[in-house]
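First residue of the sequence shown: 1, per the UniProt record's numbering; consecutive thereafter. Idealized CB from N, CA, C, for every residue including glycine. Remember, it's a predicted structure, so these values are computed and weren't measured experimentally. This report refers to the structure that appears directly beneath it.
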Amino acid sequence: MLYRIMKNKKKNENISTEEKVEQLVENVNTQKREEIKERLMFVKYFQEVLEKVRDKKENKTAKNENLKEQLILEFLDDKEMTTIAADKKIYN
Numbered sequence: 001m002l003y004r005i006m007k008n009k010k011k012n013e014n015i016s017t018e019e020k021v022e023q024l025v026e027n028v029n030t031q032k033r034e035e036i037k038e039r040l041m042f043v044k045y046f047q048e049v050l051e052k053v054r055d056k057k058e059n060k061t062a063k064n065e066n067l068k069e070q071l072i073l074e075f076l077d078d079k080e081m082t083t084i085a086a087d088k089k090i091y092n
């Protein structure tokens, strides 16, 4: 272990300041890329979750509307339905 540290230290001593700066910049860029990648993955996952929730809500709303229509059809006779349809045409 100590041998590796000394070896790396010697390598670093032989490197010019410009090269050291370039290495640091490259390391920072790599870290930033990784951070950005993690953030993008989180955003993608979050979007998928939101879409699933929205789809479930839309499906639930559609099912409720269908149930309401079915209940109305069961309890109203043809004459009442005709009156309701005429009222809808007047208001729309």
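- In the structure shown, isoleucine 84 adopts helical secondary structure according to DSSP, grouped into three states.
- Within its own chain, no residue has a Cβ closer than 7 Å to the Cβ of glutamate 48 once the five positions on either side in sequence are excluded.
- In the three-state DSSP reduction, isoleucine 72 falls in the helix class (H, G or I).
- For isoleucine 36, the secondary structure class from DSSP, reduced to helix, strand or coil, is helix.
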